[in-house]
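S.K.: Quick one: structure below, then a few questions.
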Amino acid sequence: MRPTVGILANPASGKDIRRLVASASVFDNREKLSIVRRAILGAVAAGIDDFVYMPDGHGIVASAFADIGEDVRFAALDSPATHSALDTTRVAERMREHGVACVLTLGGDGTNRAFALGWRDAPLVAVSTGTNNVFPKMVEGTIAGAAAGLVASGQVALHEASRQVKVVHVQIDGEKDDLALIDAVLLDEAFVGARAIWNPARLRTIVLARAEPSAVGISAIGGLLHPVPDTADVGLLVEAGGAGDAVIAPIAPGLYSSVPVREVRELALGEVVEFVGPGMLALDGERERRLRPGMVARLAVRRDGPRAVDVPLVMRLAACRGLFRVAQSEATDGD
Amino acid sequence: MDISNGVLLDLHRRMVRIRTFEEEAGKLMEAGKIPGALHLYVGEEAVAAGVMVHLRDSDQITSTHRGHGHLVAKGGDLRKMYAELYGRATGYCKGKGGSMHISDLDLGMLGANGIVGAGPPIAIGAAFSNKYRGTDNVTVCFFGDGASNEGTFHEAANMAALYKLPVVFACENNGFGEFTRQERHQAVHDIADRAAGYGMPGIVVDGMDALAVYEAAGEAIARARAGSGPTLLEFKTYRFFDHVGIRGMGVIYREDAEVLQWRERDPVGLVETRLAEQGILSPEAAAAVHEAALADVRDAIAFAEASPFPEPGALMEDIYTVSRGVA
Amino acid sequence: MTTIEAPATREIPYVSAIAEAFGQLMREDPNVFIAGEDVALYGSVFGVTRGLLKEFGPQRVVDTPISESGIMGLGLGAAATGLRPVIDIMFMDFMAVCMDEVVNQIAKIKYMFGGTARIPLTIHTMAGAGTSMAAQHSQSLEAWFCHIPGLKVVMPSGPYEAKGLLVAAVRDDNPVMVVNTKTILGMKAHVPEQIYEIPLGKANVVRPGSNFTILATGRMVSESVKAAEMLVADGLDVEVIDPRTLQPFDTETVVQSVRKTHRALVAHEAVRFGGIGAEFAAQIQEEAFDYLDAPVGRVGAPFTPVPFSPVLEKEYMPNAEKIAAEVRRLLGKQA
Numbered sequence: 009m010r011p012t013v014g015i016l017a018n019p020a021s022g023k024d025i026r027r028l029v030a031s032a033s034v035f036d037n038r039e040k041l042s043i044v045r046r047a048i049l050g051a052v053a054a055g056i057d058d059f060v061y062m063p064d065g066h067g068i069v070a071s072a073f074a075d076i077g078e079d080v081r082f083a084a085l086d087s088p089a090t091h092s093a094l095d096t097t098r099v100a101e102r103m104r105e106h107g108v109a110c111v112l113t114l115g116g117d118g119t120n121r122a123f124a125l126g127w128r129d130a131p132l133v134a135v136s137t138g139t140n141n142v143f144p145k146m147v148e149g150t151i152a153g154a155a156a157g158l159v160a161s162g163q164v165a166l167h168e169a170s171r172q173v174k175v176v177h178v179q180i181d182g183e184k185d186d187l188a189l190i191d192a193v194l195l196d197e198a199f200v201g202a203r204a205i206w207n208p209a210r211l212r213t214i215v216l217a218r219a220e221p222s223a224v225g226i227s228a229i230g231g232l233l234h235p236v237p238d239t240a241d242v243g244l245l246v247e248a249g250g251a252g253d254a255v256i257a258p259i260a261p262g263l264y265s266s267v268p269v270r271e272v273r274e275l276a277l278g279e280v281v282e283f284v285g286p287g288m289l290a291l292d293g294e295r296e297r298r299l300r301p302g303m304v305a306r307l308a309v310r311r312d313g314p315r316a317v318d319v320p321l322v323m324r325l326a327a328c329r330g331l332f333r334v335a336q337s338e339a340t341d342g343d
Numbered sequence: 013m014d015i016s017n018g019v020l021l022d023l024h025r026r027m028v029r030i031r032t033f034e035e036e037a038g039k040l041m042e043a044g045k046i047p048g049a050l051h052l053y054v055g056e057e058a059v060a061a062g063v064m065v066h067l068r069d070s071d072q073i074t075s076t077h078r079g080h081g082h083l084v085a086k087g088g089d090l091r092k093m094y095a096e097l098y099g100r101a102t103g104y105c106k107g108k109g110g111s112m113h114i115s116d117l118d119l120g121m122l123g124a125n126g127i128v129g130a131g132p133p134i135a136i137g138a139a140f141s142n143k144y145r146g147t148d149n150v151t152v153c154f155f156g157d158g159a160s161n162e163g164t165f166h167e168a169a170n171m172a173a174l175y176k177l178p179v180v181f182a183c184e185n186n187g188f189g190e191f192t193r194q195e196r197h198q199a200v201h202d203i204a205d206r207a208a209g210y211g212m213p214g215i216v217v218d219g220m221d222a223l224a225v226y227e228a229a230g231e232a233i234a235r236a237r238a239g240s241g242p243t244l245l246e247f248k249t250y251r252f253f254d255h256v257g258i259r260g261m262g263v264i265y266r267e268d269a270e271v272l273q274w275r276e277r278d279p280v281g282l283v284e285t286r287l288a289e290q291g292i293l294s295p296e297a298a299a300a301v302h303e304a305a306l307a308d309v310r311d312a313i314a315f316a317e318a319s320p321f322p323e324p325g326a327l328m329e330d331i332y333t334v335s336r337g338v339a
Numbered sequence: 017m018t019t020i021e022a023p024a025t026r027e028i029p030y031v032s033a034i035a036e037a038f039g040q041l042m043r044e045d046p047n048v049f050i051a052g053e054d055v056a057l058y059g060s061v062f063g064v065t066r067g068l069l070k071e072f073g074p075q076r077v078v079d080t081p082i083s084e085s086g087i088m089g090l091g092l093g094a095a096a097t098g099l100r101p102v103i104d105i106m107f108m109d110f111m112a113v114c115m116d117e118v119v120n121q122i123a124k125i126k127y128m129f130g131g132t133a134r135i136p137l138t139i140h141t142m143a144g145a146g147t148s149m150a151a152q153h154s155q156s157l158e159a160w161f162c163h164i165p166g167l168k169v170v171m172p173s174g175p176y177e178a179k180g181l182l183v184a185a186v187r188d189d190n191p192v193m194v195v196n197t198k199t200i201l202g203m204k205a206h207v208p209e210q211i212y213e214i215p216l217g218k219a220n221v222v223r224p225g226s227n228f229t230i231l232a233t234g235r236m237v238s239e240s241v242k243a244a245e246m247l248v249a250d251g252l253d254v255e256v257i258d259p260r261t262l263q264p265f266d267t268e269t270v271v272q273s274v275r276k277t278h279r280a281l282v283a284h285e286a287v288r289f290g291g292i293g294a295e296f297a298a299q300i301q302e303e304a305f306d307y308l309d310a311p312v313g314r315v316g317a318p319f320t321p322v323p324f325s326p327v328l329e330k331e332y333m334p335n336a337e338k339i340a341a342e343v344r345r346l347l348g349k350q351a
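Chains as they are written, first to last, in the working numbering: chain A, 9 to 343; chain B, 13 to 339; chain C, 17 to 351.
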């Protein structure tokens, strides 16, 4: 089977209320289309000519393939268009079934979380077009596409240039298991509302797969107190509240808030933390589901998440191997 | 999100009143009792209610041809509304405007409008006036995905941002401009994307979830009130009924399955579920709200039906103002 | 010369009469503001708002983008919420760009709302050919607006009228369109220094006469007075009437004159076919048919767009000679 790259662009990323309550960037769909197009061209340059993608209802990816060349084959994977994160989860399942070798995602932590819910250990090149992103990186689409192509084609092996990341598992009795790539938070909120989190007074308990001091969002709260990189085999628990110490953290782009912190401690992988309702469970920065009074969510950090491709490392390996080098005679032949 | 139980119940009540008002009006139109065409708001109630609970009577709105919901949510008098739909002298417009021109200037409702895209320039005028007069009133401009293709929207958006006017552009993107699906009438799918082109924030909001509308509208209205300028809010919503009338299914321009999918997220049902989860609204209490709304609507219909038609002589009245503002 | 109101003491040009009126109106009522393209810093391309920015500031003298619909809608929204706007549309031709606002919104809102709205809005504009500005900067489109219930339309014929009608228009609680003629902006005449009004809907007998009536609008008023002087030699004692307000039209004054003179001609610069003169002629025939000794004549521009070349434009424009010739033709006297 020819190596196939999967493409998923979340049309909804980069447009939420944090553009209003904080100073988040706007990612308009035209820009997403350009990024996808550059990524396709990068992957093609790396030798890929087979793609599958999520039809996004906005035609972002379909338009990016327009006039791309006859040799490139691309197919939309059918999914029921619910115009919600469910579309992403279902497409992830389809991509796994389809044997996609590497997936390029455009979105934020939330987009990649939805993808991981359908294919937890997917090989991902995650390009950031969201708001507070820890998992996806700000990386030029062209290079992201090239890296995805190199990995998909096996020119750079997945194990050479990726790391399986930690994730936060969420288990609620009688309900479907859930997941967070970076952070799971118990909030004093009754409603999902506009989803994003920007009021520090509502934070109660935070479980972090990684605590990044250079991140924006919930991860920064732990990261600025006790950094836990993805390479460390621990998670972090932060109990917010109390009248004691606080941390000044950027909980949304440009929005520094004082978050009172009662306790910070490392969590061993697999160690279970309980969130007890009533409250709102937020995953990767978005209010997701309500915990009724007495309802218990069990959370644990484990290293069994997506295989995150290290784009600069892939490109370094490609350079060392001369994968983009063309001999004089070949160049002449090509003319 | 800061919201009291009182406001939550108010939000729900306004939505139910719109739903009931529209369903009954639709039936009366189909039965031939209400003349002309009604563009009904069913499916979009969360937007009007979620925005309007933030507004004062002195704040203005501009509405659309699908405008009943806006006036009901802003506290309009149901009797005067129905009397207007019936073309009676006791109506809001003395029977001269009908459904598409229903208005209440005392409530800052600057009129439904039969011209798609007419609202934005009027809204920036009201917002200019608010600023000029030194008030902190805010104007909310409702418009649809169809209107976002009219030049008027673009002119008004530019001027609002240029003059930093206290206006909120509330786009009710119900997916259709009349009978034409959004992807067949514009190349962008998020109208919020257009905001950046005018130098204002633009965000996408779930228009079926009244709480999401409430939260986003609250922030945008507060921003406008504080003098920080305009915002474009795009509410993703859906028209359960046809462009005109109450038929929603079996139409040529959309699949029934799509309607059913959106109806699974019926904004009235959604808010009732949310409030029930919080123990704020029992099923019995919700039923009572529906009954009360139906009683009010029936009272309004009875009032309208018992009201006189305008005298023929009224034809030539109200064209010009006779008074003078300045001596 | 063209007025019978007061002895000439202070003579100022038409353009200054407008600027003076604006200043006085803004001084007397803080709710009056002016918005339009280049009305503030530049003082309007015709100079009609010169000096206002300095005195009243940018909040009341508002430079706008080139967005006629936006400006006109702004005027409506402001008028409906308690202000008394003056919206300047640089050339009357541009009215076509904002017809919805003028025709479907401004004119109709009061009626559509059952009388509850009050729209004290002045639309100020410049019409007329004769400046080699060709077909899109030279039209006289007043008839369009006289056809729309809810609008009032005035057309000043000189400096005195320019000020008095503008004051009346701004003080009126209805939408009033003030149609100036750009080629007479330099015309000088007596204009009282204090603020004064010319009542709307009242015609003015500019030159009394006994055996012929010329009803003329705008620039054609002074041309008709010239024509009347030419026709003295033909034994005619021509009465020249300036309706001043075209909508509402002062039928009474005109009919009284025709009952006396038994002969009438209407003259305007606009295209003759479908011009406001057709309506005036019809009214004269309806109200004074039995008094007429000849058909009501009409002088207007030929049915063509306004041309650019001065030679063609001269051919296009009605003037005193053409009016006098038409009067003679009506009376069976070939020139």
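For glycine and all other residues, C-beta sits at the position ideal for the given N, C-alpha and C. As the structure is a computational prediction, the values presented were derived from the model and not from experiment.
May I ask you to list, following chain order, the residues of the region 133-145 of chain B that have a beta carbon less than 9 Å from some beta carbon of chain C?
M.R.: 133, 134, 135, 136, 137, 138, 139, 140, 141, 142, 143, 144, 145
S.K.: Within this structure, are the beta carbons of residue 286 of chain C and residue 231 of chain C separated by less than 9 Å?
M.R.: Within the third sequence, numbered from 1, the residue matching residue 286 of chain C stands at position 270. Within the third sequence, numbered from 1, the residue matching residue 231 of chain C stands at position 215. Going by C-beta atoms, residue 286 of chain C is not nearer than 9 Å to residue 231 of chain C.
S.K.: At least one CB of chain C closer than 9 Å to the CB of residue 334 of chain B: is that the case?
M.R.: As a working note, residue 334 of chain B is residue 322 in the second sequence. By this cut-off, residue 334 of chain B is an interface position.
S.K.: Please state the DSSP three-state secondary structure of residue 66 of chain B.
M.R.: Residue mapping note: residue 66 of chain B aligns to position 54 of the second sequence, counting from 1. In this structure, residue 66 of chain B counts as coil in the three-state DSSP scheme.
S.K.: Relative to the C-alpha of residue 100 of chain C, which candidate in C:188, C:303, C:337 has its C-alpha closest?
M.R.: Locating residue 100 of chain C in the third sequence gives position 84, where the first residue counts as 1. Nearest in C-alpha terms to residue 100 of chain C, of all of C:188, C:303, C:337, is C:188.
S.K.: Going along the chain, which residues of its own chain have a beta-carbon closer than 7 Å to the beta-carbon of residue 28 of chain B, five neighbours each way excluded?
M.R.: Stepping through the second sequence from its first residue, residue 28 of chain B is reached at position 16. Counting only Cβ-Cβ distances below 7 Å, and skipping sequence neighbours, we find 280, 301, 302, 305.
S.K.: When you compare the CB of residue 76 of chain B with every CB in chain C, is at least one pair closer than 9 Å?
M.R.: Your numbering for residue 76 of chain B matches position 64 in the second sequence. Not one chain C Cβ lies under 9 Å of residue 76 of chain B.
S.K.: Thinking residue 120 of chain A and residue 112 of chain A are a contact (beta carbons under 8 Å), I'd like their distance in whole angstroms, please.
M.R.: As a working note, residue 120 of chain A is residue 112 in the first sequence. As a working note, residue 112 of chain A is residue 104 in the first sequence. The pair is not a contact, with the Cβ atoms about 11 Å apart (cut-off 8 Å).
S.K.: Measure the beta-carbon distance from residue 128 of chain B to residue 65 of chain B and round it to whole angstroms, keeping in mind my assumption that it falls under 8 Å.
M.R.: Reading the second sequence from its first residue, position 116 is the one you call residue 128 of chain B. Reading the second sequence from its first residue, position 53 is the one you call residue 65 of chain B. 26 Å between Cβ atoms; not a contact.
S.K.: Return helix, strand or coil for residue 347 of chain C, following the three-state DSSP convention.
M.R.: Locating residue 347 of chain C in the third sequence gives position 331, counting from the first residue. Of the three classes helix, strand and coil, the one that applies to residue 347 of chain C here is coil, per DSSP.
S.K.: Could one say the Cβ of residue 266 of chain C lies closer than 9 Å to chain B's Cβ atoms, at least one of them?
M.R.: Residue mapping note: residue 266 of chain C aligns to position 250 of the third sequence, counting from 1. No, because no Cβ of chain B sits closer than 9 Å to the Cβ of residue 266 of chain C.
S.K.: How would you list, in chain order, the residues of chain A whose beta-carbon sits under 7 Å from the beta-carbon of residue 213 of chain B?
M.R.: Position 201 of the second sequence, counted from the start, is the residue given in the question as residue 213 of chain B. The contacting residues are 27, 28.
S.K.: Whose C-beta lies closer than 8 Å to the C-beta of residue 3 of chain A among residues of the same chain, with five residues either side of it excluded?
M.R.: The structure shown does not extend to residue 3 of chain A, since chain A is modelled only from 9 to 343, so the question has no answer here.
S.K.: Taking three-plus beta-carbon pairs below 8 Å as touching, is the region 95-106 of chain A in contact with the region 136-153 of chain A?
M.R.: no
S.K.: When the cut-off is 9 Å and only beta carbons count, does residue 314 of chain A lie next to chain B?
M.R.: Mapped onto the first sequence, residue 314 of chain A falls at position 306. No, residue 314 of chain A does not count as interfacial toward chain B.
S.K.: Return the CA-CA distance between residue 88 of chain B and residue 333 of chain C, expressed in angstroms with no decimal places.
M.R.: Residue numbering aside, residue 88 of chain B sits at position 76 when the second sequence is read from its first letter. Residue numbering aside, residue 333 of chain C sits at position 317 when the third sequence is read from its first letter. Near 55 Å, if we compare the C-alpha coordinates of residue 333 of chain C and residue 88 of chain B.
S.K.: Within 9 Å (strictly less), CB to CB, does residue 36 of chain C reach chain B?
M.R.: Along the third sequence, read from residue 1 onward, the residue named residue 36 of chain C stands at position 20. No, residue 36 of chain C does not count as interfacial toward chain B.
S.K.: Can you name, in chain order, every residue of its own chain whose Cβ lies under 6 Å from the Cβ of residue 343 of chain A, other than the five neighbours on each side?
M.R.: Within the first sequence, residue 343 of chain A is the residue found at index 335, counting from 1. With a pLDDT of 46 at residue 343 of chain A, under the threshold of 50, the modelled position of that residue is not reliable, and the figure given next carries that caveat. So no residue of the chain qualifies.
S.K.: When DSSP labels each residue in this structure, what does residue 79 of chain A get in the three-state scheme?
M.R.: Start at 1 with the first residue of the first sequence, and residue 79 of chain A comes out as number 71. Correct three-state label for residue 79 of chain A: coil.
S.K.: Whose Cβ in chain B lies nearer than 7 Å to the Cβ of residue 37 of chain A?
M.R.: Within the first sequence, residue 37 of chain A is the residue found at index 29, counting from 1. Within chain B, the residues near residue 37 of chain A are 200, 201, 202, 205.
S.K.: Confirm, please, whether the CB-CB distance from residue 123 of chain B to residue 246 of chain C is below 9 Å.
M.R.: Here residue 246 of chain C refers to the residue found at position 230 of the third sequence. Here residue 123 of chain B refers to the residue found at position 111 of the second sequence. In this structure, residue 123 of chain B does not lie closer than 9 Å to residue 246 of chain C by Cβ.
S.K.: Would you mind telling me which residues of chain C sit closer than 8 Å to residue 7 of chain B, beta carbon to beta carbon, in chain order?
M.R.: The shown model of chain B, from 13 to 339, leaves out residue 7 of chain B, and the question about it has no answer.
S.K.: Does the CB of residue 324 of chain A have a neighbour CB from chain B at under 9 Å?
M.R.: Here residue 324 of chain A refers to the residue found at position 316 of the first sequence. Cβ-Cβ to chain B under 9 Å: no for residue 324 of chain A.
S.K.: Got a sec: does the ligand NAP put a non-hydrogen atom nearer than 8 Å to the Cβ of residue 15 of chain B?
M.R.: This structure lacks the ligand NAP, and indeed carries no ligand of any kind.
S.K.: By the criterion of Cβ-Cβ separation under 7 Å, what are the contact partners of residue 108 of chain B in chain C?
M.R.: Counting from one through the second sequence, the residue named residue 108 of chain B turns up at place 96. Chain C residues near residue 108 of chain B: 127, 128, 130.
S.K.: Quick one: any contact between the region 308-315 of chain C and the region 212-223 of chain C, if contact means 3 or more CB pairs under 8 Å?
M.R.: no
S.K.: Between residue 333 of chain B and residue 126 of chain C, is the Cβ-Cβ spacing less than 9 Å?
M.R.: Taking the first residue of the second sequence as position 1, residue 333 of chain B is located at position 321. Taking the first residue of the third sequence as position 1, residue 126 of chain C is located at position 110. In contact: residue 333 of chain B and residue 126 of chain C (Cβ atoms closer than 9 Å).
S.K.: Return the Cβ separation of residue 89 of chain C and residue 134 of chain B in integer angstroms, given the expectation that the two are a contact with Cβ distance under 8 Å.
M.R.: Here residue 89 of chain C is taken as the residue at index 73 of the third sequence, counted from 1. Here residue 134 of chain B is taken as the residue at index 122 of the second sequence, counted from 1. That belief holds up - the Cβ atoms of residue 89 of chain C and residue 134 of chain B are roughly 5 Å apart, short of 8 Å.
S.K.: Compare the C-alpha of residue 285 of chain B against each of B:222, B:267, B:202, B:206 and name the closest.
M.R.: Taking the first residue of the second sequence as position 1, residue 285 of chain B is located at position 273. When only C-alpha atoms are compared, the closest one is B:222.
S.K.: Could you have a look at residue 171 of chain A and say whether DSSP puts it in helix, strand or coil?
M.R.: Here residue 171 of chain A refers to the residue found at position 163 when the first sequence is read from its first residue. DSSP places residue 171 of chain A within a strand segment (E or B) once states are collapsed to three.
S.K.: Measure the beta-carbon distance from residue 152 of chain B to residue 180 of chain B and round it to whole angstroms, keeping in mind my assumption that it falls under 8 Å.
M.R.: Along the second sequence, one-based indexing puts residue 152 of chain B at 140. Along the second sequence, one-based indexing puts residue 180 of chain B at 168. Yes, residue 152 of chain B and residue 180 of chain B are in contact; Cβ-Cβ is about 5 Å, under 8 Å.
S.K.: Please go through the region 306-338 of chain A and give each complete beta strand (DSSP E) segment of 3 or more residues, from N-terminal end onward.
M.R.: Runs found: 315-317.
S.K.: Bridge partners of residue 220 of chain C, per DSSP?
M.R.: Residue mapping note: residue 220 of chain C aligns to position 204 of the third sequence, counting from 1. In the DSSP output, where bridge partners are listed per residue, residue 220 of chain C has C:258.
S.K.: Under a three-way DSSP split, which group does residue 110 of chain A fall into?
M.R.: For the purposes of this step, residue 110 of chain A is taken as the residue at position 102 of the first sequence. Of the three classes helix, strand and coil, the one that applies to residue 110 of chain A here is strand, per DSSP.
S.K.: For residue 33 of chain C, which residues in the same chain have their Cβ closer than 6 Å to its Cβ, ignoring the five residues on either side in sequence?
M.R.: In the third sequence, counting from the first residue as 1, residue 33 of chain C sits at position 17. Excluding positions up to five away in sequence, the list reads 175, 178, 179, 207.
S.K.: Quick one: any contact between the region 256-267 of chain B and the region 170-186 of chain B, if contact means 3 or more CB pairs under 8 Å?
M.R.: no
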